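Shown next, in structure tokens, is the structure this report addresses.
2 protein chains.
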Amino acid sequence: ENILGDQEAVVYRQIIVPQQSSMEFNTDCGLVVPSISLELRRRLYGAAEKCGLSDEKQLEVIGMCSSQMALQLLGGSSRLNPRNTHQMPSVVVLCGPHRQGAQGISCARHLANKGVNVTVFLPSFKKMLECLTLELQMFNMTDGVHTPIHTGLPTEHVDLIINTLDGQESAFLRDQAWYRSVVQWVAQNKAPVLAVDPPCNPPNYPIQPKWSLSPALPLALPEAAGTLYLCDMGIPSKVYAEVGIKYKSPFGHKCVIALHHINAS
Amino acid sequence: ENILGDQEAVVYRQIIVPQQSSMEFNTDCGLVVPSISLELRRRLYGAAEKCGLSDEKQLEVIGMCSSQMALQLLGGSSRLNPRNTHQMPSVVVLCGPHRQGAQGISCARHLANKGVNVTVFLPSFKKMLECLTLELQMFNMTDGVHTPIHTGLPTEHVDLIINTLDGQESAFLRDQAWYRSVVQWVAQNKAPVLAVDPPCNPPNYPIQPKWSLSPALPLALPEAAGTLYLCDMGIPSKVYAEVGIKYKSPFGHKCVIALHHINAS
């Protein structure tokens, strides 16, 4: 009788999604985190916004969490000594013209506030999403640099590249000249890449991430997304319930946790 | 010739305020953090809001930072095991009818999202600030409990009390019956108190904090405020410059740092 096994299964599955997940992940604690579809995520974000967790608030949370993760990747306290600001790390944040890009700029602002040397790449468009304009306006109040053209990117090696060039539905951007020149710049620079909220649809990425950070619940990300992390968007459990998800935080006391692919058995 | 001493003095004073500070603090790294007046802080927040860091965003940042500090005080990973949610810590957040109270509710939501057992005390008023209503609406989507009366507060011992009953200009609230009954409840409960953004005017506090957390730059807090901490509000350096403050982040890679009173010499 596999009674103990069943009990354990219950304990480890604290997040139940309405449809069969196409992918499942484990946390370091052994909890199971299922993937959700893009459509379910959209409904989750919509419900969060309806309850008051506005787009603005969501961008602030993901900006803070992703900057905290980037600071760890950069070496944390050993690299960011507030008494020695001569050798601060340098980071390039690549931003596309969509919500994902706004998340990148928010992350860039939090990094620049901490004294990191930050360059934001965001191409100019006639019509910009309001959230992009607002985030850029705030970023421009830091000591960071904004460049709309790839020739404004640093020629020397940088410590970390944060990639938010790809939106969830903007694969068409990849054909544009500015996109291709940035891909070339990344290949030449050779710095490791952290993708923030990368899309789940492509089997591969023009810019190969070493790490990927997903908000709330992960999409079904391919192996090409690199080592996966999940960040707490601060969405209350009853908001998850509204879209049919039974949710119990897998984060413990942390804001960002590692996820591991569970191999199909 | 005290040349080295002068150089060091320059390095350690990275934050310069326009008026003589009535109080100065040291970080663990030895950096000097000067206090600012309530009036200068108001202008700083106003400039932040003007550049896009809305009240909503500010509340989200302080809610996240203060919840992170509270999670550390509660014992961090040793107390918040996502696989054993039977013995989660319990926290009471006391909120007054003002912006400080809204900061408390934001903190309460982030704690409840992490699985902490949270009770929010917020008295009912006919006219509520919009930010309070919004934060309460979001908190009510967690598994936390909201009580408008002191008799709804837990009778058993709690692990931590977070106090945001006092606004920066609401000393008059202390005479009200609900305030006095809550002070009595705190005295009976005996749990340690974290004050979030306590006022600087009183020489003493009806509810004695063990720790106090200030946002951005500290007010001139009395010794009665307990052990002091500062949290990063994510305000860009050029916003500080707009109100005459020369600012360089004292935070290193952290969001919350300890401050120590410098004795007048």
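Here the protein sequences line up with chains R and Y, keeping their order. If you read the first sequence in my numbering, its first letter stands for residue 1, the second for the next number, and so on. If you read the second sequence in my numbering, its first letter stands for residue 266, the second for the next number, and so on. Note that the Cβ used here is the ideal one computed from N, Cα and C, for glycine as well. The structure displayed is predicted, hence computed values, not measured ones.
Asked, Found
"Beta carbon proximity, R:H110 to chain Y, threshold 9 Å", "yes"
"Burial state of Y:I414 (16 or more Cβ within 10 Å)", "exposed"
"The segment 227-247 of chain R contacting the segment 25-41 of chain R, beta-carbon criterion three pairs below 8 Å", "yes"
"Start and end residues, beta strand (DSSP E) containing R:C95", "S90 to C95"
"Distance, Y:E507 Cα to Y:G311 Cα", "10 Å"
"Residues that Y:F386 bridges to, as DSSP identifies them", "Y:L359 and Y:T412"
"Chain R contact for Y:N346 (CB, 9 Å cutoff)", "yes"
"Beta-carbon proximity list for Y:T412, same chain, < 6 Å, skipping 5 on both sides", "F386"
"Sequence-distant residues of its chain with Cβ nearer than 7 Å to R:I3 (five each side left out)", "The predicted model places R:I3 with a pLDDT of 49, which falls under 50 and marks its position as unreliable, so this point remains unresolved."
"Beta strand (DSSP E) segment containing Y:Y444, residue limits", "No beta strand (DSSP E) holds Y:Y444; the alpha helix (DSSP H) holding it covers A442 to N454."
"R:V91: CB within 8 Å of a non-hydrogen atom of the ligand GTP", "The ligand GTP is not among the ligands present in this structure, which contains no ligands whatsoever."
"Euclidean distance between Cα positions of R:N163 and R:I16", "30 Å"
"Spatial distance of R:Q20 from Y:G295 (CA atoms)", "54 Å"
"R:S181 versus R:Q168, R:S67, R:P206 and R:R109, residue with shortest Cα-Cα distance", "R:P206"
"Residue-chain proximity (Y:H525, chain R), Cβ-Cβ < 9 Å", "no"
"Cβ-based burial, Y:P483 [other Cβ within 10 Å; buried from 16]", "buried"
"Segment contact, 8 Å Cβ cut-off, at least three pairs: the segment 403-410 of chain Y with the segment 367-386 of chain Y", "yes"
"Span separating the alpha-carbon of R:V158 from that of R:S90", "5 Å"
"Inter-stretch contact at 8 Å, needing at least 3 Cβ pairs: the segment 48-66 of chain R / the segment 122-139 of chain R", "yes"
"Neighbourhood of Y:P515 by C-beta, 6 Å cutoff - its chain only, sequence neighbours within 5 removed", "T292, L296 and V298"
"Sequence-distant residues of the same chain with beta carbon closer than 7 Å to R:C65, five excluded per side", "C231, D232, C255 and V256"
"Neighbour-count burial assignment, Y:G369, 16 or more Cβ in a 10 Å radius", "buried"
"Rounded C-alpha distance that separates Y:S530 from Y:Q279", "Confidence in Y:S530 is poor, its pLDDT being 43 and thus under 50, which makes the residue's placement unreliable; the coordinate value appears in the next sentence. Each residue's alpha carbon lies about 20 Å from the other."
"N- and C-terminal bounds of the beta strand (DSSP E) containing R:S214", "W211 to P215"
"Boundaries of the alpha helix (DSSP H) in which R:N113 is found, first to last residue", "R99 to N113"
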